[in-house]
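Here is the structure we will look at.
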DNA sequence: GGAACCTTTCAAAAAAACTGAATAGCCATG
DNA sequence: CATGGCTATTCAGTTTTTTTGAAAGGTTCC
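Chains as they are written, first to last, in the numbering used here: chain A, 5 to 307; chain B, 5 to 307.
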């Protein structure tokens with residue numbers, strides 16, 4: 005047994021026959037002569053050992069098996085068409101896959117609708133989301149695990165060779181849970197007062213680079229968590245205190261679950277950035293570079 | 005532009021080349037001569053207008069576009085193989101789809117693992133689950149909406165022409181919520197006492213047949229619900245009282261959420277049945293007829 | 001430098017697909 | 001019930017596509 009007798013020509017023939025209603029009409033549509041279709045169909049029927057058409061009546065009627073091959077075959081034909089155009093795309097500079105490293109300061113879910121839109125247009129380009137924290141996000145880019153990263157500035161290593169696109173500014177706010185002792189203080193709170201409570205810190209995911217830490221590190225009590233989401237939840241639960249990015253907690257400030265506290269430590273604003281290998285002209289990379297905006301990331305806050 | 009230049013032969017060629025590592029080895033595996041592969045590949049490259057192999061080095065290396073076609077092509081080849089064998093199956097008596105009507109007295113989820121097993125074996129045979137209640141389940145079979153039904157006996161219309169397979173016996177228990185006034189009665193409860201409380205009744209889904217009702221109908225107060233699951237939940241919530249099938253409430257009896265009450269009305273045991281059109285020799289039907297057992301339905305209770 | 005691979009080219013041969021005319025069946029119409 | 005118009009199939013011959021094998025040209029490895 006050599007191999008599968010089902011051919012793409014058969015699938016196209018079945019489709020045309022079903023659409024036009026007869027061998028004759030289908031033949032015309034396919035720029036062939038009816039006997040050519042008979043030949044195509046009979047060949048497969050013989051090789052497969054089953055009937056695709058019921059010839060008892062004089063108008064050929066598809067058998068259930070024929071119908072199955074038609075139905076599934078349409079999907080296969082569609083796949084092959086998509087595949088051909090995707091192959092052309094890739095040959096003309098679209099990457100087969102794009103890996104996006106997202107720093108935990110952003111909500112990866114913000115990118116979902118963007119990725120969905122992209123995938124609609126480019127079904128065979130796989131998009132991978134990878135999570136990182138602080139220097140760890142940069143490390144993804146540096147060690148080749150990601151093609152594009154989304155991070156905050158001030159974290160980039162001194163290394164050359166990376167293109168950086170700055171997006172909107174982000175603000176950090178020092179907040180505590182609504183039940184927290186500091187929540188009631190209306191005046192500026194001193195560092196000593198803050199030192200009474202554990203600080204929640206997001207742990208850098210880097211393996212090789214020097215880990216960075218944001219905010220105070222000279223506090224004695226410190227709880228580290230793997231992601232910004234954990235930090236937010238920990239602070240809401242009252243486990244500790246610390247700065248949180250405004251765009252991630254707007255909702256909780258509005259609802260009152262988190263309360264801002266004035267602190268002496270100046271708020272150092274910083275920027276959301278996109279970064280990628282210099283010289284990477286991939287079109288998928290470019291697409292995301294254009295489409296990832298402050299709005300998409302939820303940074304367009306009126307403060 | 006006639007049509008897609010990608011052929012199944014190309015996909016098979018790419019697969020072989022990738023597996024064997026060279027045109028020469030692949031050619032051997034495909035019982036061809038190397039130049040035949042060159043021809044196949046070059047033809048598609050020319051028609052598609054892109055390179056599938058990088059010939060700058062001496063050993064041909066697949067381009068990203070070639071790799072994409074290979075990767076997706078493997079899936080397509082697999083699909084076509086499955087399709088061929090499924091078509092043979094259907095031609096030899098397996099139905100393209102099987103519609104199973106399940107009476108609300110059973111938990112449809114009991115069939116899930118069975119359906120999963122079936123689908124593993126017969127990926128192209130679609131299984132539909134349809135819900136019905138009382139005569140409505142029979143109606144599914146009679147009006148051709150279902151090929152196989154799962155019901156309780158005593159509901160079958162007098163009509164001829166249906167094959168019935170009896171499964172295990174099912175018991176009904178009169179139960180009330182744990183907080184219900186009747187829950188504390190340890191002696192037999194009279195009909196008058198029961199009449200104090202609304203009875204929960206599953207409404208027959210039939211459109212054409214004479215609707216049946218199980219249990220008492222001469223009670224004044226009656227709440228009808230669409231499914232057995234609703235009835236169970238209503239009784240747990242204390243909304244009313246009534247008989248419930250033991251196999252659906254074993255768990256709640258054990259946990260004490262439902263409490264059995266002795267009643268004068270005799271418990272009329274009835275049987276789970278499978279029914280289908282006489283003369284239906286479909287193999288999928290047969291498969292389910294064999295595999296749907298008392299155990300699968302959760303009827304194998306030690307009482 | 002030579003042996004052992006590899007891929008490609010090319011003309012010829014083989015195989016497959018297609019054609020057109022003839023055949024035969026059904027069905028609606030008059 | 002005959003006829004014309006539709007259908008699909010058969011078959012022999014033709015065209016197109018695919019395959020072949022020998023020759024040529026490269027790379028790698030020893």
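Built from N, CA and C at the ideal position, the CB exists for glycine as well.
Taking the Cα positions, residue 50 of chain B is about 39 angstroms away from residue 94 of chain B. Contact between residue 87 of chain A and residue 73 of chain B holds: their C-beta atoms lie close to 6 angstroms from each other, under 8 angstroms. By the rule that beta-carbons nearer than 8 angstroms mark a contact, residue 200 of chain A does not touch chain B. Residue 249 of chain B sits buried, since 16 or more C-beta atoms from the chains shown fall within 10 Å of its C-beta. Residue contact check for residue 12 of chain B against chain A: a CB pair falls below 8 angstroms. In the structure shown, residue 181 of chain B falls within a strand segment according to DSSP collapsed to helix, strand and coil. Annotation: the continuous alpha helix (DSSP H) that includes residue 48 of chain B extends over 38 to 52. Here residue 104 of chain B is not near residue 129 of chain B, since their CB atoms are 8 angstroms or more apart. DSSP places residue 78 of chain B inside the alpha helix (DSSP H), whose first and last residues are 68 to 95.
Under the Cβ distance rule, residue 9 of chain B counts among the residues neighbouring chain A, one pair being separated by less than 8 angstroms. Residue nearest to residue 13 of chain A within the set B:7, B:193 and B:17 is B:7 (criterion: CA-CA distance). Only residues of its own chain outside the window of five on either side were considered, and among them 12 have a CB closer than 8 angstroms to the CB of residue 84 of chain B, listed in chain order. Following the DSSP letters along the chain, one finds residue 287 of chain B inside the alpha helix (DSSP H) bounded by residues 287 to 295. Counting only the Cα atoms, residue 147 of chain B lies some 19 angstroms from residue 157 of chain B.
Here residue 293 of chain B has 152, 169, 278 and 280 as same chain residues with Cβ atoms under 8 angstroms from its own Cβ, once five neighbours each way along the sequence are excluded.
Only residues of its own chain outside the window of five on either side were considered, and among them 138, 139, 159 and 208 have a CB closer than 7 angstroms to the CB of residue 216 of chain A, listed in chain order.
Comparing alpha carbon positions, the residue from A:229, A:273 and A:244 closest to residue 202 of chain A is A:244.
A distance of 8 angstroms or more separates the beta carbons of residue 267 of chain B and residue 204 of chain B. Against chain A, the beta carbon of residue 90 of chain B has neighbours under 7 angstroms at 72, listed in chain order. Contact note: residue 128 of chain B reaches chain A through 72 and 76, using a C-beta cutoff of 7 angstroms and chain order. Contact check between the region 58 to 76 of chain A and the region 41 to 60 of chain B: fewer than three CB pairs, one atom from each, fall below 8 angstroms, which does not count as touching. For residue 274 of chain A, the enclosing beta strand (DSSP E) begins and ends at 274 to 281. Excluding five sequence positions before and after residue 211 of chain A, the CB atoms of its chain that fall closer than 7 angstroms to its own CB belong to 143, given in chain order. Sequence-distant partners of residue 78 of chain A (beyond 5 residues in either direction) whose C-beta falls short of 8 angstroms from its own C-beta, in its chain, are 15 and 19. For residue 129 of chain A, there is no enclosing alpha helix (DSSP H), since its DSSP letter is neither H nor E. Its chain contains 102 and 119 as the residues whose beta carbon lies nearer than 6 angstroms to that of residue 131 of chain A, once the 5 sequence neighbours on both sides are disregarded; these appear in chain order. Between residue 227 of chain B and the set B:194, B:206 and B:34, the nearest pair of CA atoms involves B:206. With its beta carbon at least 8 angstroms from every one in chain B, residue 30 of chain A lies outside the interface. Of all residues in the region 133 to 151 of chain A, none is placed with a Cβ closer than 7 angstroms to any Cβ belonging to chain B. For residue 103 of chain B, the uninterrupted beta strand (DSSP E) run begins and ends at 101 to 107, by DSSP.
Using a 10 angstroms sphere on the CB of residue 59 of chain B, the tally of other CB atoms stays under 16, which defines it as exposed.
Note that the C-beta distance between residue 194 of chain A and residue 240 of chain A is not below 8 angstroms.
Between the C-alpha atoms of residue 299 of chain A and residue 10 of chain B there is a straight-line separation of about 41 angstroms.
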